[in-house]
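Notes follow once the structure below has been shown.
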Amino acid sequence: MRSVALYAIALVALLAVAFVAYLAKPPVTQKPELNTSRERTTDKGLYAVSIAPDGAEVKQGELHSWIVSVKTAEGKPVSDAVITVDGGMPEHNHGLPTAPEVTENLGDGRYRVEGVKFSMSGWWELRFDISSPAGQDKVTFNLVL
Amino acid sequence: MLVLTGCGGESFTDDEKAIIASLSLSALPPLPPDPTNRYADDPAAAALGATLFFDSRMSPSGTVSCSTCHLIDRQFQDDLPLAKGVATGNRRTMPLAGVAWSPWLFWDGRRDSLWAQALTPLEDLREHAGTRAFYAHFIADSFAERYERIFGALPDLSGVPGHAGPFGTAAEQAAWAGLPAERQDEVNRVFANIGKAIAAFERSIVPEETRFDRFAAALTAGREPDDDATLTPEEIAGLKLFIGKATCSTCHTGPRLTDDSFHNTGVPPVDGLPEDLGRETGVDQVAADPFNCFGKYADSGPEACGELRFMVKDDPRLTRAFKPPSLRGAASRSPYMHSGQIETLEAVVDHYARAPASVSGETELHPLTLSERERQQLIAFLKTLTN
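Here it is, written out as structure tokens:
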């Protein structure tokens, strides 16, 4: 009888420890929802920018192109913008594995950006620095692969 | 006990399952075409390439072939900290499984195609120590018929010295400089074709299925893994660390367990070796290589040269950055790192946990607390990637 009681106490103690461990476990942190919109306004509000893959869907590890469309806040296409491209993975502290460039001004405020590659799955930022007579401004897009 | 086992982690989240599937061999895309090498998938070229790969006459000393360092029964590497041709080099021999999927070759990506890579050791004074004139003569003397069936007529080499090339001894360099541009071009073309044949052979060296791949396939299909596809609780814990807390899969990603990019991980230099800045030097070398994608010996137009055209050139991140090697087979492939700096997997894991500062440039690593048990779990997982 006595040993049964001891077992019972031990079991209760074990369960109590497990319960405390369960409570102490940090809650599964939900990542804040990323804004993955492909239409965004630049930081200072000068331009409305939208991006779309040029052709097929984006695949991890493959070089591909994007079409970037730039309009003024009033919706007028900006056809004389100078655009530089940057980006990286904020969670991993590294930049883009390639150096993408605007290779063609397609007219009507549309530009082709070539040489983009996402070398792994996860959250990537694609940043554009845009200059035109209307001024200089920046925009960041979030992409999740 | 039951409670503890239940927390052991034999179940995976959907995110973890997706990452595991992305690391498995079934996620490997088909062998990519190499538009710079029109003989890449020509069986006769691959057969000639295989012959040349194992032929030690591919060095003037008659002692060094590609297989001297790339040993067929050792994952096409040599288990040495530094490669040994006619002399000792300053880098570790890389294994070859899956090499045809790599956009950049060598630890520093100083070549941009498999055929351009294959040419480099042939003229390295520490490796084969030959010259391109020597190789052109060797092909004409020993393999003329096989060569011409694939590549067309050999040039007339009667005016070409036996030993002449841009990287040889002073005398060999002088002999090369003395050749008219057309003769140089003809020799270069034979030389490039040798690389294309060897590359055609190397395209057949592909990664093998491992226990991890069988486990991943079962997990993806939602079925119980068979005997030869089972991972132990320790290996599963290691896998979770690999894709989670230890962040190994940040760079060791995809089915080849590499992101094909370049990273400074603070690996210390080796005393007595020349300074090795890794990718910082590699970008200049690949840009200057006459056999690169933009060069006249590539069989493609510039549209095939996206990697070279859009490569990162001026960036502090390139200093002492090296390519993450595939981890397939790595557990039985000591020593580790670009110059064999680290002897054991235990010491490798310890390096990543400590994250020492780089002697120049900046390490991408952050210090990580890993218990002794977690280290053993990671190593146990790495062994599931090795047959």
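As you go down the protein sequences, you meet chains G and E in turn.
First residue of the first sequence: 1, per the working numbering; consecutive thereafter.
First residue of the second sequence: 146, per the working numbering; consecutive thereafter.
Where a beta carbon is used, it is the ideal one built from N, C-alpha and C, also for glycine.
key: Nearest residue (CA-CA) to Val78 (chain G), options G:Pro133, G:Val144 and G:Lys44   = G:Pro133
ask   = DSSP state of Ser136 (chain E), grouped into three classes?
value = This structure does not reach residue 136 (chain E), given that chain E is present from 146 up to 532, and the question cannot be answered.
ask   = Looking at the C-beta of Glu101 (chain G), does it have a partner C-beta in chain E at a distance below 9 angstroms?
value = yes
message = Short of 8 angstroms Cβ to Cβ, which residues in the segment 58-71 of chain G face chain E?
response = Gln60, Gly61 and Leu63
message = Within 8 angstroms, do at least three Cβ pairs link the segment 78-93 of chain G to the segment 117-126 of chain G?
response = yes
query = Roughly how many angstroms lie between the CA atoms of His308 (chain E) and Asn105 (chain G), to the nearest whole one?
reply = 51 angstroms
inquiry  = By the 7 angstroms beta-carbon criterion, what residues does the segment 422-444 of chain E contribute toward chain G?
reply    = none
key: Rounded Cβ spacing between Gly230 (chain E) and Val244 (chain E) (contact assumed at less than 8 angstroms)   = At roughly 19 angstroms, the Cβ-Cβ gap does not stay under 8 angstroms, so Gly230 (chain E) and Val244 (chain E) are not in contact.
message = Any beta carbon from chain E within less than 9 angstroms of Thr98 (chain G)'s own beta carbon?
response = yes
message = If I measure Cβ to Cβ from Pro240 (chain E) and keep anything under 6 angstroms in the same chain, skipping five residues before and after, which residues do I get?
response = Gln220, Phe221 and Gln222
request  = Tell me whether the beta-carbon of Gly115 (chain G) lies closer than 9 angstroms to the beta-carbon of Glu101 (chain G).
outcome  = yes
message = Quick check: the Cα distance between Val113 (chain G) and Phe455 (chain E), rounded to an integer number of angstroms?
response = 11 angstroms
inquiry  = Looking only at its chain, what residues have a beta carbon closer than 6 angstroms to the beta carbon of Thr276 (chain E), apart from the 5 residues adjacent to it on each side?
reply    = His308, Ala309, Gly310, Gly313 and Glu317
inquiry  = In the DSSP output, which residue or residues are listed as bridge partners for His273 (chain E)?
reply    = His273 (chain E) pairs with nothing; no bridge assigned.
request  = Assuming Gly399 (chain E) contacts Ser167 (chain E) (C-beta within less than 8 angstroms), just tell me the rounded distance between them.
outcome  = 6 angstroms
request  = Name, please, each residue of chain C whose Cβ falls closer than 8 angstroms to the Cβ of Val504 (chain E).
outcome  = In the displayed structure, chain C is absent; the protein chains listed are G and E.
ask   = Does Thr398 (chain E) come within less than 9 angstroms of chain G when only Cβ atoms are used?
value = yes
Min CB distance Gly87 (chain G) to chain E below 9 angstroms = no
request  = State the Cα-Cα distance for the pair Tyr292 (chain E) and Glu331 (chain E), rounded to the nearest angstrom.
outcome  = 14 angstroms
query = Since Glu114 (chain G) sits in a beta bridge, which residues does DSSP pair it with?
reply = G:Glu101
Secondary structure, alpha helix (DSSP H): runs of 4+ residues fully inside the segment 403-435 of chain E = 424-433
query = With distances taken between CB atoms, is the gap from Ala344 (chain E) to Ala263 (chain E) smaller than 9 angstroms?
reply = yes
query = What does Val351 (chain E) touch in chain G if you count any residue whose Cβ is under 9 angstroms from its own?
reply = Going along chain G, no residue has its Cβ under 9 angstroms from Val351 (chain E), so there is no contact; the nearest lies around 17 angstroms.
query = Alpha carbon to alpha carbon, what distance is there between Ile67 (chain G) and Ala56 (chain G)?
reply = 12 angstroms
request  = Helix, strand or coil for Phe455 (chain E), going by three-state DSSP, please let me know.
outcome  = coil
Backbone secondary structure at His483 (chain E) - three-state DSSP = coil
task = List the DSSP bridge partners of Phe467 (chain E).
result = E:His408
Beta-carbon neighbours of Asp404 (chain E), restricted to chain G and to distances below 9 angstroms = Gly61, Pro97, Ser119 and Met120
query = Alpha carbon to alpha carbon, what distance is there between Cys438 (chain E) and Leu147 (chain E)?
reply = At Leu147 (chain E) the pLDDT is 36, less than 50, meaning the model places this residue with poor confidence; the figure from the coordinates comes in the next sentence. Cα-Cα distance, rounded: 60 angstroms.
task = Might you give, ordered along the chain, the residues of its own chain that have their beta carbon closer than 7 angstroms to the beta carbon of Lys71 (chain G), omitting 5 neighbours on each side?
result = Tyr47, Ala48, Pro77, Val78 and Gly109
inquiry  = Just to make sure I have the definition right: I need the residues of chain E whose C-beta is within less than 9 angstroms of the C-beta of Asn105 (chain G). Which are they?
reply    = What Asn105 (chain G) touches in chain E: nothing, since even the nearest Cβ is about 18 angstroms away.
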